[in-house]
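> Structure in structure tokens, see below.
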Amino acid sequence: MAATVRPVQRKEFKFRESSYLPEVLRGLAITTRQFWRNLVGQRDIVTLQYPEVKKRYPNRFRGRHRLMLRDDGQVRCVACMLCSTACPANCIHIVAAEHTNTSIEKFPQKFEIDLLVCIYCGFCEEACPCDAIRMDSGRHSLPTFSRSPQNIGKIDLMEIGSLSIAKQGGKNA
Amino acid sequence: MLELILLSVAKVMGIVMVFVMAVAALLTWIERKQSALIQNRVGPNRASVAGLRLGGIFHLAADAVKMLTKEDFDPETDNPLMFRLAPFLAVVPVMLLFAVIPFGPGEHFLISNVGVGALFILAVSSLGVYGSTIGAWASNNNFAMLGSIRTTAQMISYEVSMGLNLVGIFMIYESVNLQDIVIEQGSLIWGWLPAWGIVLQPLAFILFMTASIAETKRAPFDLPEGESEIVGYFVEFSSMRFGLLALSEFIGIVAVGATAAVLFLGGWQIPWVQGTGGWLTVAQVGAMILKTLFVVWLQMAIRWTLPRFRYDQLMRLGWQYLLPLSLLNIFITGVVLMFVEQGRI
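Following this line, the structure appears as structure tokens:
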């Protein structure tokens with residue numbers, strides 16, 4: 000296959016351009032106009048004063064994970080390990096335990112996500128069969144002074160969790 | 000004798016410490032703020048004293064504290080003395096320039112009425128190249144050395160046309176004394192046009208500004224430093240030594256502003272106002288300061304408007320355009336002066 004070669008015609012400068020001065024004055028006019036426009040009334044400034052003013056993330060922004068809750072406030076997760084299996088970064092660590100309620104069978108005794116390892120791909124929430132993990136919190140992980148606080152556990156994940164509108168126990172329950 | 004010394008000290012303190020240093024320090028903040036507004040940003044606004052922000056003007060104090068408390072790094076060098084001397088070699092010449100600049104009429108607003116004032120300015124401003132070259136050489140760093148080679152070539156090239164630009168001014172006002180030049184600029188041509196340098200020598204003003212910006216090593220001629228991409232001559236300097244080199248650049252801007260105001264914008268002359276004394280003198284000093292600040296602002300605006308020249312473009316502009324144009328300017332000035340003297344114009 001022959002490469003398509005497209006010769007680009009270089010624009011020759013006219014005298015007005017190559018003598019610099021008119022173009023320099025034109026540029027100065029633009030920068031001076033912007034200077035005064037922004038000095039008097041800050042008309043074109045797009046900067047947000049970040050900690051005070053926050054930009055809303057888009058609705059589909061994948062932020063910090065959260066674990067959804069059952070109607071009685073227990074964790075919704077059944078420790079099926081699908082999310083940690085799907086996770087390409089191996090950042091989800093679940094230790095399952097037997098639940099006293101036989102219809103639930105399993106629950107995560109430990110559910111840890113290492114936010115420093117997570118790549119926020121969203122595979123975990125896609126893999127989850129019972130709407131137990133979500134990334135729709137709209138928050139991003141906050142900076143910390145050491146690594147360990149970034150390895151967040153079940154309690155932190157459930158703190159920002161909420162009830163799911165999906166019916167508990169599936170269709171036939 | 001003692002009176003004379005005290006008066007001189009007072010004038011030095013008044014002009015250099017109060018005016019020049021204050022403006023140079025303010026420029027560090029103005030530069031950031033102006034560039035921000037030009038680029039639709041807000042600029043520094045966080046530093047505050049007792050909850051007052053005042054548009055972030057306290058950043059200049061914060062910057063000074065930062066500079067003074069940062070680690071002062073010494074590179075492994077064979078010339079520690081020269082390395083330590085370099086920031087002073089950069090800052091002293093630009094400060095010396097203010098010795099001959101008249102800020103007002105009479106003796107009180109002029110540190111020293113040197114007969115060859117304009118030549119003194121040209122001579123001292125070319126000494127600035129030693130600061131950057133020696134600093135780079137002594138810092139034992141090849142990148143700094145390359146930067147200083149660019150500096151030397153650029154500054155020497157542009158000094159030539161800078162000096163030649165002023166020849167036209169000397170021819171018209173028939174003096175190299177800056178106070179005399181300012182007094183001459185007070186007269187009117189045809190009874191209404193102020194005989195300012197920019198009116199009589201418009202080409203020289205443009206060339207002088209171009210060459211001066213190249214002398215102060217700022218964009219679009221900031222190849223010696225190239226702070227965003229290429230490594231400049233003060234790469235090994237840290238802490239307040241770096242601060243002093245940066246400050247010398249800002250003082251250089253004020254110096255160019257004052258020189259251009261004196262030579263081309265009529266110095267302390269207020270157009271169509273003759274005589275001195277009393278409140279008029281105060282107004283004239285104010286006019287000089289305003290003109291200086293205007294040229295300073297112009298340099299800042301140019302710095303944030305134009306992209307950096309390529310090195311070959313820089314050399315071509317200096318030697319192939321500025322130099323012949325300055326010579327042409329001298330020639331035309333001579334021809335016109337000849338006609339004027341023969342009474343034909």
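Taken in order, these protein sequences are the chains called A and B. For the first sequence, counting from 1, position 20 maps to 19 in numbering that gives the first Met the number 0; every step adds exactly one. For the second sequence, counting from 1, position 300 maps to 299 in numbering that gives the first Met the number 0; every step adds exactly one. Here a beta-carbon is modelled for each residue, glycine too, at the ideal position from N, C-alpha and C. Source: prediction; values computed, not measured.
1. Residue range of the beta strand (DSSP E) that H92 of chain A falls in?
2. A172 of chain A: buried (16+ other C-beta within 10 angstroms of its C-beta) or exposed?
3. Return the CA-CA distance between R5 of chain A and F142 of chain B, expressed in angstroms with no decimal places.
4. Let me confirm a value: F207 of chain B is counted as buried when at least 16 other C-beta atoms fall within 10 Å, else exposed. Which label applies?
5. Kindly indicate the opening and closing residues of the beta strand (DSSP E) around E111 of chain A.
6. Tell me, which residues are paired with V255 of chain B by DSSP?
7. Are the C-beta of G72 of chain A and some C-beta of chain B separated by less than 8 angstroms?
8. Based on DSSP bridge pairs, tell me the residues matched to R65 of chain A.
9. Count the other CB atoms, across all protein chains shown, that sit within 10 Å of the CB of K153 of chain A; report buried if there are 16 or more and exposed otherwise.
10. Could you please give the first and the last residue of the uninterrupted alpha helix (DSSP H) stretch that includes P128 of chain A?
11. Suppose the cutoff is 6 angstroms on Cβ atoms and the five residues either side in sequence are ignored; what does the same chain contact list for V90 of chain B look like?
12. Is it true that the CB of G231 of chain B sits closer than 8 angstroms to the CB of P219 of chain B?
13. Hey, quick one: how far does the alpha helix (DSSP H) through V128 of chain B stretch, first residue to last?
14. Looking at the unbroken alpha helix (DSSP H) that takes in N37 of chain A, where does it start and where does it end?
15. Using the three-state DSSP reduction, which class does I168 of chain B fall into: helix, strand or coil?
16. Beta-carbon of I197 of chain B versus every beta-carbon of chain A: anything under 8 angstroms?
17. Where does I250 of chain B fall in DSSP's three states?
18. Residues in its own chain within less than 6 angstroms of W303 of chain B by CB, not counting five upstream and five downstream?
19. Closest by CA to T83 of chain A, which one among A:R15, A:E104, A:E111?
20. With which residues is I151 of chain A paired in a DSSP beta bridge?
21. Under the rule that 16 or more other beta-carbon atoms within 10 Å means buried, what is M16 of chain B, buried or exposed?
22. Is V181 of chain B closer than 8 angstroms to V261 of chain B when the C-beta atoms are compared?
23. Could you have a look at L80 of chain B and say whether DSSP puts it in helix, strand or coil?
24. Between V41 of chain B and chain A, is there a C-beta pair that is closer than 8 angstroms?
25. Looking at the structure shown, is L297 of chain B part of a helix, part of a strand, or coil, going by DSSP?
26. Among the candidates B:H58, B:Y157, B:M144, B:F330, whose CA atom is the shortest distance from the CA of Q312 of chain B?
27. In chain order, what residues of the same chain have a beta carbon less than 7 angstroms from the beta carbon of Q149 of chain A, not counting five sequence neighbours either side?
28. For L303 of chain B, would you say it is in contact with chain A, using Cβ-to-Cβ distances shorter than 8 angstroms as the test?
29. Cα-Cα, which of A:C76, A:Q41, A:S136 is closest to N58 of chain A?
30. Using a Cβ-Cβ cut-off of 8 angstroms (strictly less than) and excluding sequence neighbours within five positions of F72 of chain B, which residues of its own chain qualify?
31. Straight-line CA distance for L95 of chain B to L322 of chain B?
32. If you follow the alpha helix (DSSP H) that Q319 of chain B is in, where does it begin and where does it stop?
33. In this structure, what does DSSP give as the bridge partners for L192 of chain B?
34. What does Q200 of chain B touch in chain A if you count any residue whose Cβ is under 7 angstroms from its own?
35. Rounded to whole angstroms, what's the CA-CA distance from R61 of chain A to E124 of chain A? Just pull it up for me.
Let me lay it out:
1. In this chain, the beta strand (DSSP E) harbouring H92 of chain A covers 91 to 97.
2. Reliability of the predicted coordinates at A172 of chain A is poor, the pLDDT of 49 falling under 50, and no value is obtained from them.
3. 38 angstroms
4. buried
5. Looking at the DSSP string, the run of the beta strand (DSSP E) that includes E111 of chain A is 105 to 113.
6. None, per the DSSP bridge assignment.
7. no
8. A:R133
9. By the 10 Å Cβ count, K153 of chain A comes out buried.
10. Run containing P128 of chain A: none; DSSP gives neither H nor E here.
11. L243, S247
12. no
13. Element bounds for V128 of chain B: 116 to 137.
14. 20 to 38
15. helix
16. no
17. helix
18. S34, I37
19. The residue you asked about is not Thr; residue 83 of chain A is Ser in the sequence shown. Out of A:R15, A:E104, A:E111, A:E111 has the C-alpha closest to the C-alpha of S83 of chain A.
20. A:I112
21. exposed
22. yes
23. helix
24. yes
25. L297 of chain B falls in the helix class under three-state DSSP.
26. B:Y157
27. D113, L114, L115, S140, T143
28. Note that residue 303 of chain B is Trp in the sequence shown, not Leu. Chain A, which has a Cβ nearer than 8 angstroms to the Cβ of W303 of chain B, makes this yes.
29. Between N58 of chain A and the set A:C76, A:Q41, A:S136, the nearest pair of CA atoms involves A:S136.
30. E235, S237, S238
31. 27 angstroms
32. Premise fails: Q319 of chain B is in no alpha helix (DSSP H) and is neither H nor E.
33. Note: L192 of chain B is bridge-paired with B:I188 in the DSSP secondary-structure output.
34. Chain A residues near Q200 of chain B: none, gap ~15 angstroms exceeds 7 angstroms.
35. 10 angstroms
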